[in-house]
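Peer 1:
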Amino acid sequence: MQIQLWRRKNKEETKHNLYIRYRVNQNRAKVETLKLWEWVNPTEEVQIRHNKSVKKAYEEILRRTKDDIENNRININIKNKKKSTFKDDFIKYSKIDNKEAIYKFIKSQYDDIDSRNTSEINRDYLLSIKEKIETNISEKKIKNATASKYWSDLKKGLRELNEQKLCDYPNLGSIKNSKEKRHQVVLSKNELNKINNIKSKKLIEIKNAFLFASICGIKIRELSKMRWSDIKKEKGGDYALNYKKKQILVSKEIRKIMGKRKSEKKLIFNLPTNKSTTSKIFNKMIKESGLNKKIRMGDAIHTFARNLYKETKNIYLISSYLEHKSIEITKSKYNYMEEDTYLIENNLLRDNSLTRHKFKRGKLFKKGRLLSYKQDTL
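Residues 13 to 390 (this note's numbering) make up the sequence shown, in order.
What follows is the structure, given as structure tokens:
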């Protein structure tokens, strides 16, 4: 048995914490703290004296320990480390709520994992599981959304095992989405009016938020954060809505969608904080309206974009307003939009029944052929 001094740096990498290491072979060793530390790079006289004093102490401890072992005064018991299965460690150390369901899913895709020890779980092995999952998605044996969620949670669990020093954390990518792009739904004026005619009080908040989003182009998740302090009445009778670094002028008609004004700190649209609950209420609203289309909340923005482009033919304006980093992103989302044709003379998003929409302040882009709100939209 070898008796060794073992050093480990602290987080700041300024000090060494000192340990005594009893080493039998490469696979069998035991470490105990000496409750001593030394400076990594001593420069001051006090630090140098400290290190000299610590050196005398640990050299004496090592000498006595070796002597005690040689003369059988102490016995160091080094147990062989018991190998644990990946299943046991994942269930024990993962802090994820649905860890049993995650493991069950991975096993359903690659049942060999049940016989694997944690030490055997490496990057190559996990990549083979990932490839199998992606193959099953492409063959439509499993849903992409489910697989992506479980795979993401599995990686969280692996990080926690890594923190326990049970395995290395492999750098793994996300599950590739082989699903076809969903067809965007653009709602007509009549379809928006059907939603507007819903009378249920339980659906009024989500209804108003959806209508407002389809007219003003602000995502519902952003609308859910807005408070009454964000909207002020202008001298001309319209209202100014502060949204991030922009200011949106809202007509009296659109202002009615928001309902009766409340105290400054109150939310304009009182939507559930839980995304799943919001989706359920939204689906009830679509069912109540009698629309047969598979409409999602994001279709409010697609409706806004289509109407704005129809009115202006200005892809730069739309790209900036939807906060895309470039018009290439806008083109990829809306392949009917072109960059070489746009009109800048009319008011934006003018609808006979619902809207009069203007923009105020701010530049469209920092690079490229740029327009400004003031010059091109007012």
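Glycine included, each C-beta is placed from N, C-alpha and C at the ideal position. Note that the structure is predicted; figures quoted are calculated from it, not measured.
First and last residue of the beta strand (DSSP E) that includes Q16?
Peer 2: In the sequence shown, the residue the question calls residue 16 occupies position 4. Q16 -> beta strand (DSSP E) spans 14–21.
Peer 1: Compute the distance between the beta-carbons of I473 and I313, then report whether it is under 8 Å.
Peer 2: What the structure shows of the chain is the stretch from 13 to 390, and residue 473 is not part of that stretch, so it cannot be assessed.
Peer 1: Quick check on the DSSP output: the beta strand (DSSP E) that includes R35 runs from which residue to which?
Peer 2: On the sequence shown, residue 35 is found 23 positions in, with the first residue counted as 1. 27–35 is the extent of the beta strand (DSSP E) around R35.
Peer 1: Less than 8 Å between the CB atoms is what I'm expecting for R33 and W18, so what's the real figure, rounded?
Peer 2: As a position in the sequence shown, residue 33 is number 21, starting the count at 1. As a position in the sequence shown, residue 18 is number 6, starting the count at 1. Correct: roughly 4 Å between the Cβ atoms.
Peer 1: Quick one: give me the first and last residue of the beta strand (DSSP E) that K245 is part of.
Peer 2: On the sequence shown, position 233 is the one that residue 245 refers to. Where K245 is concerned, the enclosing beta strand (DSSP E) stretches over 243–245.
Peer 1: Does DSSP classify Y251 as helix, strand or coil?
Peer 2: The residue you call residue 251 lines up with position 239 of the sequence shown. Note: Y251 maps to strand in three-state DSSP.
Peer 1: Would you list the one or two residues that DSSP bridges to W51?
Peer 2: Counting from 1 along the sequence shown, the entry for residue 51 is found at position 39. DSSP, once it has assigned bridges, lists K27 as partnering W51.
Peer 1: Identify whether V262 lies in helix, strand or coil by the three-state DSSP scheme.
Peer 2: Taking the first residue of the sequence shown as position 1, residue 262 is located at position 250. Here V262 sits in strand by DSSP.
Peer 1: Just how far apart, CA to CA, sit A317 and I330?
Peer 2: Stepping through the sequence shown from its first residue, residue 317 is reached at position 305. Stepping through the sequence shown from its first residue, residue 330 is reached at position 318. Cα to Cα, A317 sits roughly 7 Å from I330.
Peer 1: Give the straight-line distance between the Cα atoms of R128 and D80, rounded to the nearest whole angstrom.
Peer 2: As a first step, residue 128 must be located in the sequence shown, where it is residue number 116. As a first step, residue 80 must be located in the sequence shown, where it is residue number 68. Distance between the alpha carbons of R128 and D80: 41 Å.
Peer 1: My output table needs one value for L178: the three-state DSSP class, helix, strand or coil.
Peer 2: The residue you call residue 178 lines up with position 166 of the sequence shown. Note: L178 maps to coil in three-state DSSP.
Peer 1: CA-CA distance, N347 and L235?
Peer 2: In the sequence shown, residue 347 corresponds to position 335, counting from 1. In the sequence shown, residue 235 corresponds to position 223, counting from 1. In a straight line, the C-alpha of N347 is about 27 Å away from that of L235.
Peer 1: Which runs of the alpha helix (DSSP H), 4 residues or longer, sit entirely within the stretch 288–321?
Peer 2: None, since the stretch 288–321 contains no complete alpha helix (DSSP H) of that length.
Peer 1: Around the Cβ of N326, are there at least 16 other Cβ atoms within 10 angstroms (buried) or fewer (exposed)?
Peer 2: On the sequence shown, residue 326 is found 314 positions in, with the first residue counted as 1. Buried is the call here.
Peer 1: Which partner residues of T97 appear in the DSSP bridge assignment?
Peer 2: Counted from its first residue, the sequence shown places residue 97 at position 85. According to DSSP, T97 bridges with N129.
Peer 1: Sorted by chain position, which residues of the same chain lie with C-beta nearer than 7 Å to F98's C-beta, five sequence neighbours on each side aside?
Peer 2: Reading the sequence shown from its first residue, position 86 is the one you call residue 98. Counting only Cβ-Cβ distances below 7 Å, and skipping sequence neighbours, we find I125, R128, N129, T130, I133.
Peer 1: Given I293, which residues of its chain have a CB within under 6 Å of its CB, disregarding the five upstream and five downstream residues?
Peer 2: Locating residue 293 in the sequence shown gives position 281, counting from the first residue. Only I218 meet the Cβ criterion.
Peer 1: Got a sec? Which residues, its chain only, sit under 6 Å from K78 by beta carbon, not counting five neighbours each side?
Peer 2: The count along the sequence shown starts at 1 and reaches residue 78 at position 66. Within the same chain, K78 has close Cβ partners I15.
Peer 1: Measuring straight from C-alpha to C-alpha, what distance separates R37 and K47?
Peer 2: For this step, residue 37 is matched to residue 25 along the sequence shown. For this step, residue 47 is matched to residue 35 along the sequence shown. Note that residue 37 is Asn in the sequence shown, not Arg. Cα to Cα, the separation comes out at about 25 Å.
Peer 1: For the alpha helix (DSSP H) that contains V66, what are its first and last residues?
Peer 2: Taking the sequence shown and counting its residues from 1, the one referred to as residue 66 is at position 54. From DSSP, the alpha helix (DSSP H) with V66 extends over 57–82.
Peer 1: Measure the CB-CB distance between Y333 and G229 and report whether it falls below 8 Å.
Peer 2: The sequence position of residue 333 within the sequence shown is 321, counting from 1. The sequence position of residue 229 within the sequence shown is 217, counting from 1. Yes. Within cutoff.
Peer 1: I'd like to know if the stretch 168–179 and the stretch 263–279 are in contact, where contact means that at least 3 CB-CB pairs between them fall below 8 Å.
Peer 2: The stretch 168–179, when compared against the stretch 263–279, does not touch it at the 8 Å Cβ threshold.
Peer 1: How would you write the range of the alpha helix (DSSP H) that S186 sits in, first residue to last?
Peer 2: To locate residue 186, count along the sequence shown from 1; it is residue 174. It is not in any alpha helix (DSSP H) - S186 carries neither H nor E in the DSSP assignment.
Peer 1: Could you tell me the distance, in whole angstroms, from the CA atom of R20 to the CA atom of E44?
Peer 2: The sequence position of residue 20 within the sequence shown is 8, counting from 1. The sequence position of residue 44 within the sequence shown is 32, counting from 1. The alpha-carbon atoms of R20 and E44 are separated by roughly 12 Å.
Peer 1: In the DSSP assignment, the alpha helix (DSSP H) including Y328 goes from what residue to what residue?
Peer 2: For the purposes of this step, residue 328 is taken as the residue at position 316 of the sequence shown. Residues 327–333.
Peer 1: So, L166 versus I114, is the Cβ gap smaller than 8 Å?
Peer 2: To locate residue 166, count along the sequence shown from 1; it is residue 154. To locate residue 114, count along the sequence shown from 1; it is residue 102. In this structure, I114 lies closer than 8 Å to L166 by Cβ.
Peer 1: Distance, Cα to Cα, G302 vs T289?
Peer 2: As a first step, residue 302 must be located in the sequence shown, where it is residue number 290. As a first step, residue 289 must be located in the sequence shown, where it is residue number 277. If I take the Cα positions, the gap works out to 21 Å.
Peer 1: From the DSSP output, read off the bridge partner residues of R239.
Peer 2: What you label residue 239 is simply residue 227 of the sequence shown in a count that begins at 1. Answer is L279.
Peer 1: Output yes or no for whether 8 Å exceeds the beta carbon distance between K142 and I86.
Peer 2: Here the question's residue 142 lines up with position 130 in the sequence shown. Here the question's residue 86 lines up with position 74 in the sequence shown. No.
Peer 1: Quick one: grab the DSSP three-state call for D363.
Peer 2: As a first step, residue 363 must be located in the sequence shown, where it is residue number 351. No answer about D363 holds up, because its pLDDT of 42 lies below 50 and its placement is not dependable.
Peer 1: I need the boundaries of the alpha helix (DSSP H) containing S226, first residue and last residue.
Peer 2: Translated into positions along the sequence shown, residue 226 becomes position 214. That run of the alpha helix (DSSP H) goes 216–228.
Peer 1: Looking only at its own chain, which residues have a Cβ that is under 6 Å from the Cβ of P54, when we skip the five neighbours before and after it?
Peer 2: Mapped onto the sequence shown, residue 54 falls at position 42. So the list reads I60, N63, once near-sequence residues are dropped.
Peer 1: Considering K206, what are the terminal residues of the alpha helix (DSSP H) in which it resides?
Peer 2: Counted from its first residue, the sequence shown places residue 206 at position 194. 201–208 is the extent of the alpha helix (DSSP H) around K206.
Peer 1: Decide if T26 is buried, meaning its Cβ has at least 16 other Cβ atoms within 10 Å, or exposed.
Peer 2: Against the sequence shown, residue 26 aligns to sequence position 14. Answer is exposed; the Cβ neighbour count stays below 16.
Peer 1: Under 8 Å between the Cβ atoms of T315 and S226?
Peer 2: To locate residue 315, count along the sequence shown from 1; it is residue 303. To locate residue 226, count along the sequence shown from 1; it is residue 214. Yes, the Cβ-Cβ distance between T315 and S226 is below 8 Å.
Peer 1: Give me, in chain order, the residues of the same chain whose beta-carbon lies closer than 7 Å to that of K119; leave out the 5 immediate sequence neighbours on both sides.
Peer 2: As a position in the sequence shown, residue 119 is number 107, starting the count at 1. Around K119: I125, D126.
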